[in-house]
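Heads up: the sequence lines are chains A and B, in that order.
Note that the first sequence covers residues 1 to 403 in full-length UniProt numbering.
Note that the second sequence covers residues 1 to 245 in full-length UniProt numbering.
Glycine included, each C-beta is placed from N, C-alpha and C at the ideal position.
Please read all numbers here as calculations on a predicted model, not as lab measurements.
Beneath this line is the structure, given in structure tokens, with notes to follow.
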Amino acid sequence: MSFKEVVRFALRGLSANKLRSALTMLGILIGVAAVILLVAVGNGSAKAISDRIEALGTNTITVMSTGRGGSSNTALTTDMADAISDPTMAPDVKSVSPVVSSSATITYEGTDHDVNSFVGTTPGWFTASNTPIGTGSGFTADDETQGRRVVVLGQTVVDELFPGVDPIDKQVTVGGALFTVVGVLKEKSSTGFQDANDTAVAPLSAVRQVLTGYGALNSMLVEAKDPGKVDTVESEVSTILDQRMTKTATSSTSSSTTPYRIQNASQLLETQTATADTFTTLLGAVAAISLLVGGIGITNIMLVTVTERTREIGIRKALGAPRRVILTQFLIEATLLSVIGGALGVVAALVGSSFEIVGVKPVIVPSSIGLALGVSIAIGLFFGGLPASRAARLRPIDALRYE
Amino acid sequence: MTKPVLDVRDLKKIYGEGEATVHALRGVSLTVHRGDYVAIMGSSGSGKSTLMNILGALDVPTFGSYHLDGVDVSKLADRQLALARNRLIGFIFQAFNLIPRTSAVANVELPLAYAGVKPKERRRRALEALEVVGLADRARHEPNQLSGGQQQRVAVARALVTEPALLLADEPTGNLDSHSTHDVLNVFDQLSAAGRTIVIITHEPEVGARTKRLVRLVDGEIVEDTRQSPIHLPPVGAFAGRHAV
Ligand SMILES: Nc1ncnc2c1ncn2[C@@H]1O[C@H](COP(=O)(O)OP(=O)(O)OP(=O)(O)O)[C@@H](O)[C@H]1O
Ligand SMILES: [Mg+2]
């Protein structure tokens with residue numbers, strides 16, 4: 001009997017038992033699709049997190065004061081910012097943006113809107129913090145030195161105050177002073193609970209004059225010349241700050257901790273990636289369990305039909321089928337079921353991954369396809385093949401009597 | 001004299017162990033020569049099916065020897081056994097044993113497929129065999145769409161389709177009405193007249209009466225073995241008009 005004939009027999013066997021074939025394939029399909037999709041969701045959320053952090057800029061560090069109250073010896077000052085931007089003392093620093101921020105109420109034609117962070121800074125901040133302008137323009141260094149009252153609004157503020165109106169060149173009132181809107185920030189995807197678009201940015205001098213006064217800075221955003229230099233920049237900055245702060249802090253009680261804190265986006269990235277990896281592993285475990293459950297389903301269907309199949313094998317043997325032909329037929333059946341089911345599962349997963357799942361855009365991990373397919377095909381072959389090979393070894397009359 | 005087609009010596013078959021032991025066959029010796037037409041009769045549970053399964057190389061005896069065409073069956077490997085079952089023997093089961101959800105014609109084709117006959121030729125011969133048992137119009141029906149008697153005739157067609165030298169039939173007319181019984185027995189008579197060897201189990205005396213030899217089993221032992229007509233002549237049923245079924 002030729003191989004082609006055996007294949008035809010297998011196909012006829014599958015179509016003679018349509019429901020069983022369909023259920024087996026469905027089991028494999030679900031197992032494979034679940035594994036691939038779950039891993040893709042885990043991977044997708046990990047990607048989303050790292051993308052967001054990368055958007056913060058991996059070549060910047062943020063210096064924040066940890067000093068309590070307004071005591072001047074632990075405060076960050078513009079002098080320090082100037083010192084850090086000095087190319088001889090800190091050769092790897094590309095730019096320094098001193099930042100003050102406060103909450104403020106913005107008013108336009110009688111409508112009020114409270115922003116959480118009304119930021120005062122220098123023009124370099126827009127590139128350093130990866131906050132591009134959407135429409136209009138940012139402010140210039142000249143605006144900053146002249147203390148001009150111009151402001152760049154976040155999208156949320158625009159939506160609140162200027163519904164259906166172009167905000168550019170309109171005047172808003174902040175802290176009793178008039179600010180001219182020169183631009184709108186490009187919309188950002190929000191991280192966490194805070195609305196990243198509920199913000200406004202104005203020149204440092206103007207904000208200090210109108211809102212915060214000339215006290216300490218809230219933070220400084222220091223940009224390194226390239227991402228690999230971030231660590232060097234960090235030590236350069238600490239050296240400068242240590243000098244400045246100890247100089248002014250000699251009189252105060254010596255504290256063991258530095259009066260400032262440096263936050264590094266790439267460190268943040270590392271911890272976040274580690275978290276995301278844990279997440280992916282967890283989802284992988286869930287996926288493995290679903291594969292196992294799917295596998296048990298397949299096994300169940302295959303074993304339930306063993307009685308009937310064993311009888312059928314008995315008949316075939318009685319009619320003169322050699323063991324090899326029977327085995328080949330049943331292995332081809334199992335292979336077809338698991339391969340077709342697996343392939344459909346991959347297709348289902350690919351289709352499913354083009355949709356957002358619980359707010360995450362899944363990103364397929366290629367190795368998960370291989371793993372899911374491999375495991376389910378192995379299960380299908382094993383549990384399809386094992387009962388068949390056992391039955392093929394029985395005497396025909398014992399196979400016929402099997403219960 | 002040529003070597004016998006079937007030759008069993010002191011066959012014993014014991015089922016089960018301990019308390020539940022059943023001696024289905026208690027030392028059966030039987031020799032069947034080419035061209036013979038043997039009926040095995042006996043009450044229910046007397047071991048007829050057990051003997052038949054062993055003769056069909058579907059089961060093995062607990063004790064005793066079995067030579068098929070002079071070859072010791074217990075020494076055959078799986079491939080050779082498969083070949084013998086396929087080419088030499090046509091077996092009709094008491095319980096039909098058709099493959100479920102598979103059309104009648106596909107069931108009849110099966111032994112031809114294992115014999116390596118090409119699909120077209122296979123289909124033609126299968127339809128012919130169904131024609132012989134009067135089921136040509138039911139070729140596409142699946143077993144569960146056929147009556148018991150029709151299923152039995154499909155099983156007969158399946159056993160005949162390879163034109164085996166040895167036909168073993170376990171109550172082939174058990175579920176048939178008198179008309180169908182007549183048709184099937186006519187087929188057997190023709191095969192016998194053509195020189196094939198037939199062993200048939202039956203409960204019906206009139207079926208037994210048409211054979212050339214009658215063997216009676218009681219409790220796993222042969223108690224009677226009568227020759228009813230000469231082995232080298234066609235069976236009595238082959239003469240038209242002898243039967244009034
Ligand atoms: N697989 C088995 N296990 C245990 N006992 C069996 C088995 N098969 C048959 N027997 C017993 O062996 C004896 C002979 O059974 P067998 O099927 O040969 O009877 P039979 O003559 O064909 O009967 P019937 O005319 O009812 O078909 C019976 O007592 C039966 O119970
Ligand atoms: Mg019986």
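Around I36 of chain A, the same chain offers A349, S368, I369 and A372 as residues with beta carbons nearer than 6 Å, after the five sequence neighbours per side are excluded. For E221 of chain B, the CB contacts under 6 Å within the same chain, skipping 5 residues up- and downstream, are R26 in chain order. Taking 7 Å as the cut-off, one finds at least one heavy atom of ligand 1 near enough to the beta carbon of T50 of chain B. Cβ-Cβ separation between I28 of chain A and G345 of chain A: approximately 6 Å, consistent with a contact (criterion under 8 Å). By the C-beta density criterion, T105 of chain A is exposed, having fewer than 16 other C-beta atoms within 10 angstroms. Contact annotation: the stretch 195 to 205 of chain B touches the stretch 28 to 46 of chain B, with at least three C-beta pairs closer than 8 Å. By DSSP's assignment, S117 of chain A forms a beta bridge with A:T199. Taking the beta carbon of I301 of chain A as reference, no residue of chain B falls within 9 Å; the closest one sits roughly 16 Å away.
For ligand 1, no non-hydrogen atom lies closer than 7 Å to the CB of G18 of chain B. In this structure, V39 of chain A lies near V365 of chain A, with their beta-carbon atoms less than 8 Å apart.
Bridge pairing for M220 of chain A: A:V63 and A:P98 [DSSP].
Minimum Cα-Cα distance from R149 of chain A among the listed residues A:L204, A:R311 and A:K186 corresponds to A:L204. V184 of chain B is a Cβ neighbour of V133 of chain B, given a cutoff of 8 Å.
Residues of chain B whose Cβ lies closer than 8 Å to the Cβ of I397 of chain A are, in chain order, N53, L58 and D59.
Around V325 of chain A, the beta-carbon contacts reaching into chain B at under 9 Å are A82 and Y114.
Put simply, the stretch 10 to 18 of chain B does not touch the stretch 336 to 344 of chain A. Fewer than three CB pairs are less than 8 Å apart.
Taking 8 Å as the CB threshold, E312 of chain A lines the interface with chain B.
Relative to K13 of chain B, the option among B:V5, B:I54, B:S44 and B:A95 whose CA is nearest is B:I54. Buried is the label assigned to Y260 of chain A, since at least 16 other Cβ atoms lie within 10 Å of its Cβ. Inclusion of Q94 of chain B in the 7 Å shell around ligand 2 follows from its C-beta lying nearer than that to a non-hydrogen atom of the ligand. Look at L37 of chain A here: in three-state DSSP terms it is helix. For D59 of chain B, the shortest C-beta to heavy atom distance toward ligand 2 is 7 Å or greater. Rounded to the nearest angstrom, the gap between the Cα atoms of E109 of chain A and D159 of chain A is 14 Å. When distances are taken from the beta-carbon of A39 of chain B to the heavy atoms of ligand 1, even the shortest one reaches 7 Å or more. Chain-ordered, the chain A residues with CB closer than 7 Å to the CB of F91 of chain B read A318. In chain A, no part has a C-beta under 8 Å from the C-beta of L233 of chain B; the shortest such distance is about 31 Å. Within the chosen limit of 7 Å, ligand 1 reaches the beta carbon of R401 of chain A through at least one heavy atom. A distance below 6 Å between beta-carbons, with the five flanking residues on each side excluded, links P387 of chain A to the following residues of its chain, in chain order: V306. Of the candidates A:I301, A:T156, A:K94 and A:V233, A:T156 places its Cα closest to the Cα of A196 of chain A. In the same chain as G208 of chain B, and ignoring 5 residues on each side of it, the C-beta atoms closer than 7 Å to its own belong to A39, M41, T202 and L214, in chain order. With at least 16 other beta carbons inside 10 angstroms of its own, I92 of chain B counts as buried.
Membership of L319 of chain A in any alpha helix (DSSP H) is not indicated, and neither H nor E is assigned to it by DSSP. Using a cutoff of 7 Å, the CB of S46 of chain B counts as near ligand 1, since one of the ligand's heavy atoms is closer than that.
Interface with chain A (8 Å Cβ-Cβ cutoff): N144 of chain B is excluded. In the pairwise beta carbon analysis, the stretch 94 to 105 of chain A is classified as not touching the stretch 287 to 306 of chain A: fewer than three pairs are separated by under 8 Å.
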